[in-house]
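Residue numbers (the numbering used here): 11 to 267.
Given below as structure tokens:
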């Protein structure tokens, strides 16, 4: 009997304030549509993090939740062992920040040591990044795929030499307004947008599953589902671009008046 693919959502109560558990749900559903058995596991602080998962997910949270999550994950050690065994780790926003070398919290910008799984450091930025974000992600096939999501973060992230940018920003702030968003280092990935992100970007969901399974997943056979997802994505992207254009036009008029 083939064992189900385990998808582990880590510390939903701490890192899940934007419905980021939906990332795990969409991974399980897209496996199910392909006839591949999966198990969606929710792990909370105080529970051991299983070491035999294929994909681990971290979501967004507030300052104190970040500190609690870092302390608990470091003490547990299960996530590190799973990554040593070849698991994939995908994180968004606060979950992305805590994977780095360090991040800051509070009004006094206290520096907190991160988990050291990504060569990035996060510090408070000059303005909070809030709003829709569009970024270009290069697929393994070399295609330019637009990622759509919602960013809401005060931290600005700088990448070190061991990490590569995950995507190139078209609209929004991303890492720190430098035209990049997220970071990737081996099988560990982080990026800022919520949404949840994977339901809004199904090709990225399939990519993560493919990395975890060490094989490329064929497109889903249901063409109607694929066409409807593509249409909805196209409509959302056009709305975001149009809204951004109107915002810039209004600002220009204000500067001229």
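All residues carry an ideal CB built from backbone N, CA and C; glycine is no exception.
Which of helix, strand or coil does DSSP assign to residue 27?
-> Here residue 27 refers to the residue found at position 17 of the chain shown. Reduced to three states, the DSSP call for residue 27 is coil.
For residue 75 versus residue 16, is the C-beta spacing smaller than 8 angstroms?
-> The residue given as residue 75 occupies position 65 in the chain shown. The residue given as residue 16 occupies position 6 in the chain shown. Their beta carbons are not under 8 angstroms apart, which means residue 75 does not touch residue 16 by this criterion.
Mapping DSSP to helix, strand and coil, what is residue 178?
-> Position 168 of the chain shown, counted from the first residue, corresponds to residue 178. Residue state, collapsed to three classes: strand.
Can you tell which of 62, 240, 183 has the C-alpha that lies nearest to the C-alpha of residue 142?
-> The residue labelled residue 142 in the question sits at position 132 within the chain shown. Comparing Cα positions, the closest option is 183.
Going by DSSP, which residues form a beta bridge with residue 204?
-> Sequence index remark: in the chain shown, residue 204 carries index 194 (1-based). Paired residues: 160.
Determine the contact status of residue 132 and residue 113, defining contact as a CB-CB distance below 8 angstroms.
-> For this step, residue 132 is matched to residue 122 along the chain shown. For this step, residue 113 is matched to residue 103 along the chain shown. Cβ distance < 8 angstroms, so residue 132 and residue 113 count as in contact.
Any chance the CB of residue 208 is under 7 angstroms from a heavy atom of the ligand SAM?
-> With respect to small molecules bound, the structure shown includes none, and the ligand SAM cannot be examined in it.
Counting along the chain, where does the alpha helix (DSSP H) carrying residue 85 start and finish?
-> Position 75 of the chain shown, counted from the first residue, corresponds to residue 85. Where residue 85 is concerned, the enclosing alpha helix (DSSP H) stretches over 73-86.
State the DSSP-derived secondary structure class of residue 106, mapped to helix, strand or coil.
-> Position 96 of the chain shown, counting from 1, holds the residue named residue 106. Three-state result, residue 106: helix.
Starting from residue 13, trace the alpha helix (DSSP H) both ways and give me its first and last residue.
-> Position 3 of the chain shown, counting from 1, holds the residue named residue 13. Per DSSP, residue 13 is not a residue of any alpha helix (DSSP H), being assigned neither H nor E.
Give me the Cβ distance between residue 122 and residue 80, rounded to the nearest whole Å; I'm assuming they're in contact under 8 angstroms.
-> Residue mapping note: residue 122 aligns to position 112 of the chain shown, counting from 1. Residue mapping note: residue 80 aligns to position 70 of the chain shown, counting from 1. 7 angstroms between Cβ atoms; contact.
With 16 other CB atoms within 10 Å as the buried threshold, where does residue 245 fall?
-> In the chain shown, the residue the question calls residue 245 occupies position 235. Classification for residue 245: exposed.
Can we say the segment 49-59 touches the segment 218-234, given the rule of at least three CB pairs closer than 8 angstroms?
-> no
Can you give me the Cβ contacts of residue 128 inside the same chain, cut-off strictly under 7 angstroms, excluding the 5 residues immediately before and after it?
-> Your numbering for residue 128 matches position 118 in the chain shown. 109, 110, 173, 193, 195, 198, 200.
Beta-ladder partner(s) of residue 48, from DSSP | Here residue 48 is taken as the residue at index 38 of the chain shown, counted from 1. DSSP, once it has assigned bridges, lists 15 as partnering residue 48.
With 16 other CB atoms within 10 Å as the buried threshold, where does residue 163 fall?
-> One-based indexing of the chain shown puts residue 163 at position 153. With 16 or more other Cβ atoms within 10 Å, it is buried.
Cα separation between residue 251 and residue 181?
-> The residue labelled residue 251 in the question sits at position 241 within the chain shown. The residue labelled residue 181 in the question sits at position 171 within the chain shown. Spanning the two alpha carbons is a distance of roughly 8 angstroms.
Express the C-alpha separation of residue 69 and residue 101 in angstroms, rounding to a whole number.
-> In the chain shown, counting from the first residue as 1, residue 101 sits at position 91. In the chain shown, counting from the first residue as 1, residue 69 sits at position 59. Their Cα atoms are separated by approximately 6 angstroms.
With a threshold of 16 other CB atoms inside 10 Å of the CB of residue 85, please say whether the residue is buried or exposed.
-> Within the chain shown, numbered from 1, the residue matching residue 85 stands at position 75. Exposed: under 16 other Cβ atoms inside 10 Å.
Taking C-alpha atoms, which residue in 240, 37, 25 lies nearest to residue 221?
-> Reading the chain shown from its first residue, position 211 is the one you call residue 221. Minimum Cα distance to residue 221 is reached at 37.
Taking all protein chains shown into account, do 16 or more other C-beta atoms lie within 10 angstroms of the C-beta of residue 264, making it buried, or fewer, making it exposed?
-> The residue you call residue 264 lines up with position 254 of the chain shown. Confidence at residue 264 is low in this model, with a pLDDT of 43, below 50, so its placement is unreliable and no value can be given for it.
Look up residue 139 in the DSSP assignment and say whether it is helix, strand or coil.
-> As a working mapping, residue 139 is identified with position 129 in the chain shown. Three-state DSSP puts residue 139 in a strand.
What separation, rounded to the nearest whole angstrom, lies between the Cα atoms of residue 206 and residue 118?
-> Along the chain shown, read from residue 1 onward, the residue named residue 206 stands at position 196. Along the chain shown, read from residue 1 onward, the residue named residue 118 stands at position 108. Computed Cα separation, rounded: 30 angstroms.
Chain-order list of residues whose beta-carbon lies under 8 angstroms from that of residue 51 (same chain, five-residue window excluded) | Locating residue 51 in the chain shown gives position 41, counting from the first residue. 16, 17, 18, 19, 60, 63.
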